[in-house]
Amino acid sequence: MTGQFPDDLPAGQPEQSATHPLPAYVPPPGDSPPPDPRTAYAPTALIDLSIPRRTHPASPVVLAARIVPAVYLGMLLPLGGLWEDIGLIPAFGAAIATILIALVAAGFGWWSWKKLTYYLDADGDLRVDSGIFQRQARRLQLSRLQSVDAVSPLIARLLGFVEVRIEVAGAGDSRAVLRYLTKSQAEDLRTTILAKAEQRTKSEDATSADVDGGEYDPAAPPNPANLANQMDGELLARVPMGRLLGSLLLRTTTVTLFILTVLFILFTIRTQGVASLAVAVVTGGVPLFAIISEFFTYSNFTLSRTRDGLRLRNGLLQTQTRTVPVGRIQAVEIVAPLLWRRFGWVRVQLTVAGVGGEGQETGRAVLLPVAPRDEALAIIEQVMPGVAVDDLPWVSAPRRARWREPFQWPFLAWAATDQVIATRTGRITRRISFAPHARNQSVRVMQGPWQRALRLATVAFDVAPGPVSLSALQVDLPTARGLADAQADRARLARLHQA
Amino acid sequence: MTSHVHEVDAAFAPPQENWVRVSPKLITARRITLVLGSLLEVAVIVALWLIPGIPTWIAIAATAVFVAVFVWAWWLIGRRVRSYGYAERETDLLVVSGILIRRLVIVPYGRMQMVDLTAGPIDRWLGIATVQLHTAAATTDAAIPGLPPDDAAALRDRLAARGEERSAGM
Numbered sequence: 223m224t225g226q227f228p229d230d231l232p233a234g235q236p237e238q239s240a241t242h243p244l245p246a247y248v249p250p251p252g253d254s255p256p257p258d259p260r261t262a263y264a265p266t267a268l269i270d271l272s273i274p275r276r277t278h279p280a281s282p283v284v285l286a287a288r289i290v291p292a293v294y295l296g297m298l299l300p301l302g303g304l305w306e307d308i309g310l311i312p313a314f315g316a317a318i319a320t321i322l323i324a325l326v327a328a329g330f331g332w333w334s335w336k337k338l339t340y341y342l343d344a345d346g347d348l349r350v351d352s353g354i355f356q357r358q359a360r361r362l363q364l365s366r367l368q369s370v371d372a373v374s375p376l377i378a379r380l381l382g383f384v385e386v387r388i389e390v391a392g393a394g395d396s397r398a399v400l401r402y403l404t405k406s407q408a409e410d411l412r413t414t415i416l417a418k419a420e421q422r423t424k425s426e427d428a429t430s431a432d433v434d435g436g437e438y439d440p441a442a443p444p445n446p447a448n449l450a451n452q453m454d455g456e457l458l459a460r461v462p463m464g465r466l467l468g469s470l471l472l473r474t475t476t477v478t479l480f481i482l483t484v485l486f487i488l489f490t491i492r493t494q495g496v497a498s499l500a501v502a503v504v505t506g507g508v509p510l511f512a513i514i515s516e517f518f519t520y521s522n523f524t525l526s527r528t529r530d531g532l533r534l535r536n537g538l539l540q541t542q543t544r545t546v547p548v549g550r551i552q553a554v555e556i557v558a559p560l561l562w563r564r565f566g567w568v569r570v571q572l573t574v575a576g577v578g579g580e581g582q583e584t585g586r587a588v589l590l591p592v593a594p595r596d597e598a599l600a601i602i603e604q605v606m607p608g609v610a611v612d613d614l615p616w617v618s619a620p621r622r623a624r625w626r627e628p629f630q631w632p633f634l635a636w637a638a639t640d641q642v643i644a645t646r647t648g649r650i651t652r653r654i655s656f657a658p659h660a661r662n663q664s665v666r667v668m669q670g671p672w673q674r675a676l677r678l679a680t681v682a683f684d685v686a687p688g689p690v691s692l693s694a695l696q697v698d699l700p701t702a703r704g705l706a707d708a709q710a711d712r713a714r715l716a717r718l719h720q721a
Numbered sequence: 002m003t004s005h006v007h008e009v010d011a012a013f014a015p016p017q018e019n020w021v022r023v024s025p026k027l028i029t030a031r032r033i034t035l036v037l038g039s040l041l042e043v044a045v046i047v048a049l050w051l052i053p054g055i056p057t058w059i060a061i062a063a064t065a066v067f068v069a070v071f072v073w074a075w076w077l078i079g080r081r082v083r084s085y086g087y088a089e090r091e092t093d094l095l096v097v098s099g100i101l102i103r104r105l106v107i108v109p110y111g112r113m114q115m116v117d118l119t120a121g122p123i124d125r126w127l128g129i130a131t132v133q134l135h136t137a138a139a140t141t142d143a144a145i146p147g148l149p150p151d152d153a154a155a156l157r158d159r160l161a162a163r164g165e166e167r168s169a170g171m
């Protein structure tokens with residue numbers, strides 16, 4: 223599927239398979255080579271997963287510890303008076319209650335720990351059986367493995383434990399979370415799963431021609447370290463916290479709402495009423511909440527390129543990981559809000575088919591929450607070789623389009639290259655959207671009465687549902703049908719070449 | 002304005018000699034739906050005339066508005082149905098529709114994921130059906146209503162066959 227935009231960039235992935243030992247090989251201490259930072263974490267033990275295994279026995283304790291802060295606060299704050307009523311110092315009473323609750327939680331944790339096992343079945347798929355009352359049997363097809371991640375939420379990190387998340391592509395049972403393992407256990411498990419996945423992928427490659435990511439070379443020997451490297455990938459971008467915060471504050475909606483808030487507060491002071499203060503709480507509170515939640519979501523954002531595609535990792539307290547196979551990218555949009563342009567920032571979002579194996583057909587993925595425009599364009603060019611956004615042959619809307627689109631008409635344009643169809647819209651928030659011809663599903667020409675009088679038409683390029691839509695607005699009428707017919711041909715031919 | 006009419010028509014012109022038009026039975030079907038949809042309004046207007054105490058001018062105004070809208074909708078249905086057309090090219094299907102807002106959609110056969118054939122009770126009674134094309138995009142919006150059932154089934158089969166042919170090897 224990736225014929226149009228090959229994953230294997232010549233400058234991209236370093237070839238490592240030949241130079242690194244299999245993880246099963248333990249180099250004797252003393253003369254081991256200096257660890258390569260890219261493989262330094264790659265552990266050396268493969269574990270036997272044919273027998274059912276459990277998570278770390280201390281898991282119930284970690285599970286219980288996780289809820290302690292919230293339970294303690296819950297016991298202390300609302301029930302402060304109650305503790306005094308029964309003659310206890312609130313802090314002490316709450317502590318006792320918290321310990322009791324934590325013990326119960328640990329008990330249930332122990333029970334569910336007893337009931338959870340993971341192993342590889344005869345088919346080489348990973349099974350996770352769990353559940354105290356309601357038994358759950360999860361089966362993850364390792365040949366479709368997307369990622370194995372060791373994630374450490376705050377409390378678990380303090381106690382030295384990590385949770386392992388295993389994700390496979392596709393609908394249904396696509397994800398398993400193992401809580402908790404020690405760091406080294408997690409790494410061993412990861413290596414083992416990667417090694418098995420590599421074997422499975424190879425054997426399936428041999429039998430099936432329908433493989434996503436044609437860059438895979440079935441001739442190479444299975445090498446978990448190599449696969450791990452490729453899964454971790456090459457870092458393409460990182461978003462600094464300061465820039466993220468700045469960009470969230472400078473979003474058009476945020477700024478508008480904050481200005482409104484200030485106006486409401488001034489109005490309140492003048493009229494000495496309180497009604498608009500309530501409005502101010504909403505107009506000020508909603509964007510504040512949005513900023514905080516997006517800040518938590520997109521903190522520590524990194525984008526890397528892996529064997530399976532682009533790896534997006536982000537999150538302050540909890541790390542989210544998503545793998546976006548390049549071949550599944552349906553459309554790309556570069557968004558530049560008014561106040562970001564001062565700093566030359568843009569956001570890049572994607573419509574992706576089958577995001578992260580969450581069972582959705584298509585969905586949204588933020589490729590870069592905020593990045594300098596040049597950096598963003600360079601990454602886009604690397605991800606989709608040959609797509610140079612600044613060199614697109616834009617065809618602008620004719621001048622008379624200003625009677626239909628008085629604000630955005632100077633920015634309206636479309637462009638077609640041999641790879642993509644692109645559109646440019648917006649005035650306050652500018653958007654450049656493009657889609658590979660192979661992802662363009664159909665083409666529409668539309669014309670309302672006002673457009674008819676102005677001899678204009680809109681040409682829409684349909685792509686899979688998601689955040690990106692492509693419409694060439696206010697196209698000069700004589701060229702509109704030609705554009706539509708030519709684009710339908712380009713879309714058809716792109717798919718033919720891929721097949 | 003007259004000099005532009007030619008251009009407008011060119012933008013929505015058929016690829017060959019003519020669009021394949023849909024059956025005029027669709028006009029009947031849609032007008033039946035219009036009448037059924039108007040029953041409630043008719044009941045309200047009858048009530049306005051019958052209930053004592055309501056000024057006659059209100060009843061007259063309501064009746065006038067209703068009749069005007071009804072006649073306009075009745076007339077528009079005829080024009081809209083006559084605006085539907087489709088053309089099968091070698092590599093793609095074209096569907097055209099609309100009077101006030103004109104639409105043309107081009108769907109390459111290789112992009113079709115599904116072809117639906119549907120007919121509601123009124124459609125079945127009159128002997129027409131709708132062929133709808135689906136691609137991976139939700140916005141594709143390519144439906145051809147008002148086809149005689151045999152034509153519709155034949156069109157669906159042709160489209161499905163071409164779709165398979167074009168996407169073979171995927």
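Protein chains in written order, with my numbering: chain A, 223 to 721; chain B, 2 to 171. Think of the CB as a built atom: it goes at the ideal place given N, C-alpha and C, for glycine as much as any other residue.
Continuous alpha helix (DSSP H) stretch holding residue i: start and end
i	result
VAL43(B)	26 to 51
GLY315(A)	312 to 337
PHE523(A)	It is not in any alpha helix (DSSP H) - PHE523(A) carries neither H nor E in the DSSP assignment.
MET463(A)	463 to 471
LEU482(A)	474 to 493
ALA378(A)	376 to 381
Backbone CA spacing between residue i and residue j [nearest angstrom]
i	j	result
ALA635(A)	ALA706(A)	15 Å
ALA459(A)	VAL588(A)	13 Å
PRO274(A)	LEU94(B)	56 Å
LEU322(A)	SER352(A)	25 Å
ARG586(A)	ARG535(A)	15 Å
PRO547(A)	ALA74(B)	50 Å
ILE52(B)	ILE59(B)	12 Å
LEU400(A)	TYR340(A)	9 Å
ALA184(B)	HIS659(A)	The structure shown does not extend to residue 184(B), since chain B is modelled only from 2 through 171, so no value can be given for it.
GLY128(B)	LEU134(B)	20 Å
ALA161(B)	LEU614(A)	36 Å
VAL373(A)	ALA14(B)	59 Å
ARG473(A)	LEU485(A)	18 Å
ALA286(A)	ALA328(A)	5 Å
Coarse secondary structure for residue i, derived from DSSP in three states
i	result
VAL548(A)	helix
SER352(A)	strand
PHE67(B)	helix
MET2(B)	With a pLDDT of only 43 at MET2(B), under 50, the local geometry of the prediction cannot be trusted, and no value is derived from it.
PRO671(A)	helix
ALA723(A)	Chain A is shown only over 223 to 721; residue 723(A) falls outside these bounds and no answer can be derived.
MET115(B)	strand
TYR263(A)	Residue confidence for TYR263(A) is low, a pLDDT of 43 falling below 50, so the modelled location carries little weight; the figure read from the coordinates is stated next. It is coil, neither helix nor strand.
ASP158(B)	helix
PRO251(A)	Because the pLDDT at PRO251(A) is just 44, under 50, the model does not fix this residue reliably, and the value given afterwards should be weighed accordingly. DSSP places PRO251(A) in coil when its eight states are reduced to three.
GLY531(A)	strand
GLN663(A)	coil
PHE565(A)	helix
Delimiting residues of the beta strand (DSSP E) encompassing residue i
i	result
ARG103(B)	103 to 109
SER691(A)	Taken as a continuous stretch (DSSP letters only), SER691(A) belongs to no beta strand (DSSP E), as it is neither H nor E.
SER98(B)	93 to 98
ALA206(A)	Limits of chain A in this structure are 223 at one end and 721 at the other, which puts residue 206(A) out of reach.
ILE643(A)	642 to 647
Quick check: the segment 135 to 144 of chain B against the segment 684 to 701 of chain A, are there 3 or more CB pairs under 8 Å?
yes
To be precise: take each residue of the segment 103 to 124 of chain B, compare its Cβ to all Cβ atoms of chain A, and keep it if any distance is under 7 Å. Which residues remain?
ARG103, ARG104, LEU105, VAL106, ILE107, VAL108, PRO109, GLY111 and ARG112
The segment 135 to 153 of chain B: positions lying closer than 9 Å to chain A by Cβ:
THR136, ALA137, ALA138, ALA139, THR140, THR141, ASP142 and ALA143
contact_flag[the segment 79 to 86 of chain B, the segment 22 to 33 of chain B] where n(CB pairs < 8 Å) is 3 or more:
yes
Under 7 Å, CB to CB, which of the residues in the segment 65 to 79 of chain B have a partner in chain A?
none
Three or more beta-carbon pairs under 8 Å between the segment 559 to 577 of chain A and the segment 406 to 418 of chain A, yes or no?
Counting Cβ pairs under 8 Å, fewer than three are found: no touch.
Return the residues of the segment 270 to 298 of chain A that lie within a Cβ-Cβ distance of less than 7 Å from chain B, sorted by chain order.
Listed in sequence order: no entries.
Below 8 Å between beta carbons is the criterion; list the residues of the segment 677 to 705 of chain A that meet it against any residue of chain B, in chain order.
Using a CB distance below 8 Å, the part of the segment 677 to 705 of chain A facing chain B consists of ARG677, ALA679, ALA682, ASP684, VAL685, ALA686, PRO687, SER691, LEU699, PRO700, ALA702 and ARG703, ordered along the chain.
Hey, is the segment 89 to 104 of chain B in contact with the segment 25 to 38 of chain B, meaning 3+ C-beta pairs nearer than 8 Å?
A contact between stretches requires three or more CB pairs, one per stretch, nearer than 8 Å, and the segment 89 to 104 of chain B fails this requirement with the segment 25 to 38 of chain B.
Quick one, which residues of the segment 51 to 64 of chain B are near chain A if we go by CB-CB under 8 Å, in chain order?
none
Pairs of beta-carbons, one from the segment 483 to 498 of chain A and one from the segment 548 to 566 of chain A, closer than 8 Å: are there three or more?
no
May I ask you to list, following chain order, the residues of the segment 641 to 672 of chain A that have a beta carbon less than 7 Å from some beta carbon of chain B?
GLN663, SER664, VAL665, ARG666, VAL667, MET668, GLN669, GLY670 and PRO671
Closer than 7 Å, Cβ to any Cβ of chain B: which residues of the segment 611 to 635 of chain A, in chain order?
none
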